[in-house]
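Chains as they are written, first to last, in the numbering used here: chain A, 78 to 219; chain B, 78 to 219.
Number of protein chains: 2
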Amino acid sequence: MSILTENWEERLKEQGYRITKSRRTVLEVLEASPIRLTPEEIYRRARRRHRKLGLVTVYRTLALLEKLNLVQRVHTEAGCRSLTAVRLDKGHHHHLVCRTCGYVEEFPDCALGSVLRKLQARTGFAIESHHLEVVGRCPKCQ
Amino acid sequence: MSILTENWEERLKEQGYRITKSRRTVLEVLEASPIRLTPEEIYRRARRRHRKLGLVTVYRTLALLEKLNLVQRVHTEAGCRSLTAVRLDKGHHHHLVCRTCGYVEEFPDCALGSVLRKLQARTGFAIESHHLEVVGRCPKCQ
DNA sequence: CTATAACTGAAAATTTTTTTCAATAAGGAG
DNA sequence: CTCCTTATTGAAAAAAATTTTCAGTTATAG
Ligand SMILES: [Zn+2]
Ligand SMILES: [Zn+2]
Ligand SMILES: [Zn+2]
Ligand SMILES: [Zn+2]
Chain A
78 MSILTENWEE RLKEQGYRIT KSRRTVLEVL EASPIRLTPE EIYRRARRRH RKLGLVTVYR
138 TLALLEKLNL VQRVHTEAGC RSLTAVRLDK GHHHHLVCRT CGYVEEFPDC ALGSVLRKLQ
198 ARTGFAIESH HLEVVGRCPK CQ
Chain B
78 MSILTENWEE RLKEQGYRIT KSRRTVLEVL EASPIRLTPE EIYRRARRRH RKLGLVTVYR
138 TLALLEKLNL VQRVHTEAGC RSLTAVRLDK GHHHHLVCRT CGYVEEFPDC ALGSVLRKLQ
198 ARTGFAIESH HLEVVGRCPK CQ
């Protein structure tokens, strides 16, 4: 069992949510996929394991998982509909995404600390979070 | 006349596009707004100046302006529908966005060069671009 | 096992975006 | 300036994406 599955049930339970077949299946699909997936794609894959699953439930589940930070949206010029499982269970990280095949790799390096501090001082903003996404072509797609 | 309006006509003409009332109005609306706007919001504001404008044209114009890099999408957890004018006409920059009111400020600092080079070496990706967005609360909204 | 409240699927509704197509208007040629 | 060509536009319709509703189902505490 992976880092994610060790923890996601706990995280749901902590917050009073139930562990259901739909949630388990959606999460398994995302976890098993090296590439980002749209709700529709998740639905198609998940139905292979859970026939009666409805697309609505996929949407609802994704919203929940996103709220609990178990799943994250991948933003691209082409649209921001697809999602990816959060693999490093703890700690700050960002995504490196392949423009061609959608392969997602997490990376922990984030040299933004001092830049953000300066930015905060200069602008008067109370900086709360940041989102970084790096786009390129993976070794296979070059 | 602002930096933007000095240049956008040229950029369109260079590429063989025409300067139309719709395009002018959409751009003026975005340029005049300190906050990010959705296509719908742009449409409502633009219609005050250009009565017969259609929402379809707003969509089409935004797609074009985005392609020409005169306008940029703002990504947030709540959705990625809104846009903002690109104010620094040249050079690499990112956005600082207020979570509450949507105020957008551009900033040129980007300390990612070396991080990205290392990332490229380590992962084998051919890195092509990156997107950074910093979220917080602006001075007014704190 | 039972009670109960969370969860689900199907259908419908809503929202967002794109396509189609006839009418209009920008901009170059004269 | 006027004419011509072709890009552009608006309205309506279609398509796509997402959310709501609601009655039936199921997870889980006790
Ligand atoms: Zn986005
Ligand atoms: Zn790839
Ligand atoms: Zn603000
Ligand atoms: Zn940068």
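Where is the CB? At the ideal position from N, CA and C, for every residue including glycine.
Quick one: residues in its chain with C-beta nearer than 8 Å to the C-beta of residue i, no 5 flanking neighbours on either side, listed in chain order?
{"i": "A/C178", "result": "I112, C215, K217 and C218"}
{"i": "B/G168", "result": "P185"}
{"i": "B/Q197", "result": "A203 and I204"}
What does residue i touch in chain B if you count any residue whose Cβ is under 8 Å from its own?
{"i": "A/L173", "result": "L196, T200, F202 and I204"}
Can you list the residues of chain B that residue i reaches, using a CB-CB cut of under 7 Å?
{"i": "A/Q219", "result": "A203"}
Who are the neighbours of residue i on chain A, taking C-beta pairs under 9 Å?
{"i": "B/P216", "result": "T200, G201, F202 and A203"}
Could you check whether the Cβ of residue i sits closer than 8 Å to any Cβ belonging to chain B?
{"i": "A/L145", "result": "no"}
{"i": "A/A188", "result": "yes"}
{"i": "A/H208", "result": "yes"}
Excluding the 5 residues preceding and the 5 following residue i in the sequence, name in chain order all residues of the same chain whose CB lies nearer than 7 Å to its CB.
{"i": "B/R126", "result": "T102"}
{"i": "B/Y136", "result": "P116"}
{"i": "B/S99", "result": "H127, L130, T134 and T138"}
Given the structure, does residue i come close to ligand 1, in the sense that its CB is under 7 Å from one of the ligand's heavy atoms?
{"i": "B/H152", "result": "yes"}
Would the beta-carbon of residue i be found less than 7 Å away from any heavy atom of ligand 3?
{"i": "A/T115", "result": "no"}
Looking at residue i and ligand 4, is the gap between the Cβ and the nearest heavy atom below 7 Å?
{"i": "B/L209", "result": "yes"}
{"i": "B/L165", "result": "no"}
{"i": "B/C187", "result": "yes"}
{"i": "B/H127", "result": "no"}
{"i": "B/H169", "result": "yes"}
Output needed for residue i: all residues of its chain with C-beta closer than 6 Å, excluding positions within five of it in sequence on either side, in chain order.
{"i": "B/S159", "result": "R113, L114, T115 and V151"}
{"i": "B/V212", "result": "V174 and R176"}
{"i": "A/Y180", "result": "P111, I112 and C215"}
Chain A partners of residue i, CB-CB under 8 Å?
{"i": "B/L193", "result": "V211"}
Report yes or no: is there a C-beta of chain A within less than 8 Å of the C-beta of residue i?
{"i": "B/E182", "result": "yes"}
{"i": "B/C178", "result": "no"}
{"i": "B/H152", "result": "yes"}
{"i": "B/H170", "result": "no"}
Quiz item: For ligand 3, which residues have a Cβ under 5 Å from at least one heavy atom, in chain order?
Solution: B/C175, B/T177, B/C178, B/Y180, B/C215 and B/C218
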